[in-house]
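These notes are about the structure you will find just below.
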Amino acid sequence: MTSVSSPSKPTPATTTSAPSSPVKAAPATTSEDKVEPVAAAAPAGAEEEVAEVGEASTAAVVDMDVFGQLLEIDDDETHEFSKTLAFDYISQAETTFTEFEEALNAKDLDSLSRKGHFLKGSSAALGLQRVQHSCESMQHFGNRKNEHGEGPTLSEEEALKRCRVLLVRLRKEQDEAKEWLEKFYKQ
Amino acid sequence: MSGPGDYHPHHPHSYAPPGLNPPDLQGRYDPNLALNPPELGGGPGAATRGKRKAANDDEEDDEKPATGGAKEGKGGASEFVKKLYRMLEDGQFTDIVSWGYSGDSFVVKDMNSFTRSILPLHFKHSNFASFVRQLNKYDFHKVKNPEEGGSPYGEHTWEFKHPSFRADMKSSLENIKRKAPAPRKSTPQPARGRGPGGAIDPMLTGGDLSGLQAQLDQLHRSQQGMQQHMNSLSQDYQAVIGEMMNFQRNMVAQDQLMQNLIQYLVNLEADQKAASNPGQPQSDFVPSSQAQKLISTYTEVARASYEQMADLSRRASLSGGAFQPMPPPPGFGHLDVSRGRREENGGGPGGPPGYGGRDDGYRGPDGSHQPPHGGPPPPQHGGPSHEQQQQQQQQQPPSHPPPQHFQHPNAPADAPRPDSADGRPGAARRQAYVPGWAVPPRVLLVEDDAVCRKLSSKFLEVFGCSIDVAVDGVSAVNKMNLQKYDLVLMDIVMPNLDGVSATSLIRQFDPMTPIISMTSNSGPNEIMTYFSHGMNDILPKPFTKEGLLGMLEKHLIHLKVMQQMAEIPRALGFTDNQIQDALAVSTVGEEGNVINPFSAMGISDHDYVEMLQGIALEKEGKRGLEVVQGNEREGKRARFQEVDQ
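Sequence order for the protein chains is L and D.
Residue numbers are given in the numbering used here: position 42 of the first sequence equals residue 42, and the series is strictly consecutive.
Residue numbers are given in the numbering used here: position 289 of the second sequence equals residue 476, and the series is strictly consecutive.
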């Protein structure tokens, strides 16, 4: 039903040929298939803490099922609507990251959880699934739970530490997503 | 000389101690005892008179002890015996009356003085014969002396004895009972008809008792009979209500069918017209006069039957006191084609929206006000001009909510589309998604995330809705307060006021408008919370186009122009909940107890409620009827059993 390939317009694959080749994973749904190790997977920085914050999503930067829907409701080839939306997202995410930092400095776990939830919503709307995934983990850490929202209550320090580590990864994922979007709409 | 026959002249009515009858008097004289009151020495006439008088006194005297005795029941001795005992205990007149030597009898030594001074003092009369009769009644025996005049207490003394009447045993006094009268020949006594509240005659004989018993049984039986009658009445009543509900339900279904038929015909007509002159854009489609007639007839019929039903419900509520009138099902008797939006949510909780009020929005058939397809352009008639208009619309910045006249002209898939020559890929692609709304549904989108808000707005716009947005719970509540919407899409996590709290507040003044939670937290617990706070559905985030469209179609089905003939949705009628609520109210009494008319037949309250719910929940009237009949059979069986007892 939601065909990614609309005949009338160039698909993202042809137009972008992005470095991270995001479109490759696109037809293969949203699920995190580990068979396909995408280049430049996120957890490169803080190695020793990776286990604590959970696996980074190895799915494509953008879920094309979701993003394709956006393109579909664009009225014409200029993609004006989805483009506006994407750049709205980017600037909104920037604000949110600033708020992440502030909350982290203030050791405000509640706020971290709320902001995580917030960014999760908008990133999910655009199909930015890696960001979405990490945001969800952030939401749970803020609630002092593990990355799946389960388990024993974390101590405040532990939760803050995880948030800090996670934020690094999230930043990275957000930058990837931003890059992808900017490339897509550059033409 | 003092035969029992002497007392027959006393007709009960002459002194009318209730329930006292001539035969009773017979039993009070024991001829063998040969008690001879001294006055009897006079002439026979005088004697008779005296006895009459004596009997009179006797009876009057009896009244008090009798009632007292009746009250005391098994507990205490009879008043007469107690008085007697007190008199002897007194010891004031030992020369006149005293205990016998052995303490097991008492002796009246001076009958004249006794009659003169002691009797009035203790028994309020001065009739020795009466006193003796009383003694006799209580089974005291005169002690006969072996030889005349040989009484140890002297001449003309009277010694009376009762095995339980002893100076040293006051406690045994209660063993002294009035003798049972001789078995009465049972003649039907009108006096027996006394109500249970009346005084019970002290002279109760065995016959009296059995008579009363019989009477009691009779009353019991007649009460049972009445109970049976009541049961069958309330059973009939329940059956009638059950049938009424079946009728009502069937009517709604028929109404729906009719509505669909007419819409189908109208659409058919429109298609034919469109097909006949495809090049000619028509701004408005007006149904032919035939169709108009159909519609107006339909409206009249629907209204009439609805009013009848409402009347029935009202009467049921008057007689039953608890059967709530059914709120008119939304859209009952209305064709959706021209419904004004405002009427949609017009019905507050206070009462079903008045038919008249709704009617204002629908004066279609006369053609002067608003022909069924007059106001908004008919969705099935999509002229190229409309399509272009729409395109322009969509090129506008999305931050502008589309104005009221925004109308998506796309028809249901099977309708011929004269404008398909348009051929624009965007339009063609979108076409598959868009339902045909009779009027653009007004949707309030509550979302704090600007990106999501924009995206959702865009989706809704594409789906032909007119949109209003609120950025947090507070502004959502305010907007709901000011305006009516057909649907609310509510984010949960928001600043200021979260979606759940906002919904709770909105529900206080608007119980109807569907509120759908848009959330990424959709665990079972959270979902329960959402529903318990008045939300109607869950749309998990991130939602897809199809998910959103499904929600819209599910909750705004009444705004859709044409439904498939095959599926006549029940949802347009009253819902099961409404029926159940009405039933719950009708079966729960003021004290909160379930009034179960079948309890006498061994049907538990629980079963009864289940049965009613069974009636309510049955989708086919036939089954519901069977339930009622089944219970009637059961009731009849039970009735026979009880009568046979």
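All C-beta atoms in this analysis are idealised placements derived from N, C-alpha and C, irrespective of residue type, glycine included.
Quantities reported herein were computed from a predicted structural model and do not represent experimental measurements.
**Report entry** Sub-8 angstroms separation of Ile73/L and Lys178/L beta-carbons
**Finding:** no
Report task. Answer yes or no: does any C-beta atom of chain D fall closer than 8 angstroms to that of Ser155/L? Result -> no
Requested in this report: List the whole-angstrom C-beta distance separating Ser688/D from Gly121/L, where the pair is believed to meet the contact cut-off of C-beta under 8 angstroms.
Outcome: Contact flag wrong, Cβ pair sits at about 19 angstroms.
Query raised in the report: Candidates Leu71/L, Thr84/L, Phe81/L, Thr96/L: which alpha carbon is nearest Val131/L's?
Result: Thr96/L
Query raised in the report: Cβ of Asp88/L less than 8 angstroms from any chain D Cβ?
Result: yes
Query raised in the report: If we count the other Cβ atoms within 10 Å of its Cβ and call it buried at 16 or more, is Arg501/D buried or exposed?
Result: exposed
Query raised in the report: Does the separation of the CB atoms of Gln129/L and Asp63/L fall below 8 angstroms?
Result: yes
Requested in this report: Give every residue of the same chain whose Cβ lies closer than 6 angstroms to the Cβ of Phe327/D, excluding the five residues on either side of it in the sequence, and list them in chain order.
Outcome: Phe347, His349
Report task. Excluding the 5 residues preceding and the 5 following Ser838/D in the sequence, name in chain order all residues of the same chain whose CB lies nearer than 8 angstroms to its CB. Result -> Nothing about residue 838/D can be reported from this structure: the residues present for chain D run from 188 to 832 only.
Query raised in the report: So is the beta-carbon of Lys120/L under 7 angstroms away from any non-hydrogen atom of the ligand SAM?
Result: This structure lacks the ligand SAM; in fact it carries no ligand of any kind.
**Report entry** Inter-residue spacing [alpha-carbon to alpha-carbon] between Arg436/D and Val675/D
**Finding:** 29 angstroms
Query - Start-end ranges of the beta strand (DSSP E) lying completely within the segment 652–677 of chain D, minimum 3 residues - result: 653–657
Query raised in the report: Within the 8 angstroms Cβ cut-off, does Lys732/D reach chain L?
Result: yes
**Report entry** Identity of the residue in Leu726/D, Gln670/D, Val649/D, Glu648/D nearest Met677/D by Cα
**Finding:** Leu726/D
Report task. Answer yes or no: does any C-beta atom of chain L fall closer than 8 angstroms to that of Ala657/D? Result -> no
Requested in this report: Flag Ser662/D as yes if its beta-carbon sits less than 8 angstroms from any beta-carbon of chain L, otherwise no.
Outcome: no
Query raised in the report: Where Gly412/D and Asp498/D are concerned, what is the direct C-alpha to C-alpha distance, given to the nearest angstrom?
Result: 33 angstroms
**Report entry** Host beta strand (DSSP E) of Pro727/D (start-end)
**Finding:** 724–727
Query raised in the report: Is DSSP giving Val168/L helix, strand or coil here?
Result: helix
Query raised in the report: Which same chain residues, not among the five before or five after Val66/L, have their C-beta less than 6 angstroms away from its C-beta?
Result: Gly127
**Report entry** CB contact flag (Asp635/D, Asp659/D, <8 angstroms)
**Finding:** yes
Requested in this report: Compare the C-beta of Val638/D against all C-beta atoms of chain L and say whether one is closer than 8 angstroms.
Outcome: yes
Query raised in the report: At a Cβ threshold of 8 angstroms, is Ser707/D touching chain L?
Result: yes
Requested in this report: Taking only beta-carbon positions, decide if Val427/D is within less than 8 angstroms of chain L.
Outcome: no
Query raised in the report: Within the chosen definition, does the segment 151–158 of chain L reach the segment 77–87 of chain L through at least 3 CB pairs nearer than 8 angstroms?
Result: no
Report task. Would you list the one or two residues that DSSP bridges to Val284/D? Result -> Val295/D
Requested in this report: Quickly, what does DSSP pair Val633/D with across the bridge? List them, please.
Outcome: Ala657/D, Met677/D
Query raised in the report: Distance, Cα to Cα, Leu739/D vs Phe434/D?
Result: 31 angstroms
Query raised in the report: For Leu322/D, which of Ile693/D, Arg365/D, Asn299/D, Ala489/D has the nearest alpha-carbon?
Result: Arg365/D
Query raised in the report: Apart from the five residues just before and just after His117/L, which ones in its own chain have a Cβ nearer than 7 angstroms to its Cβ?
Result: Gln139
Query - Sequence-distant residues of the same chain with beta carbon closer than 7 angstroms to Arg353/D, five excluded per side - result: Gly290, Asp291, Ser359
Query - Residues bridged to Met705/D (per DSSP) - result: Asp678/D, Leu726/D
Query raised in the report: Between Lys645/D and chain L, is there a C-beta pair that is closer than 8 angstroms?
Result: yes
Query - Beta-carbon neighbours of Pro711/D, restricted to chain L and to distances below 9 angstroms - result: Near Pro711/D there are no residues of chain L at all, since even the closest Cβ is about 13 angstroms away, more than 9 angstroms.
Query raised in the report: Do you know whose CA, among Glu173/L, Asp108/L, Lys186/L, lies nearest Glu94/L's CA?
Result: Glu173/L
Requested in this report: Starting from Tyr118/L, find everything on chain D with Cβ-Cβ shorter than 7 angstroms and list it in chain order.
Outcome: Just to set this straight, residue 118/L is Phe in the shown sequence, not Tyr. Within chain D, the residues near Phe118/L are Asp636.
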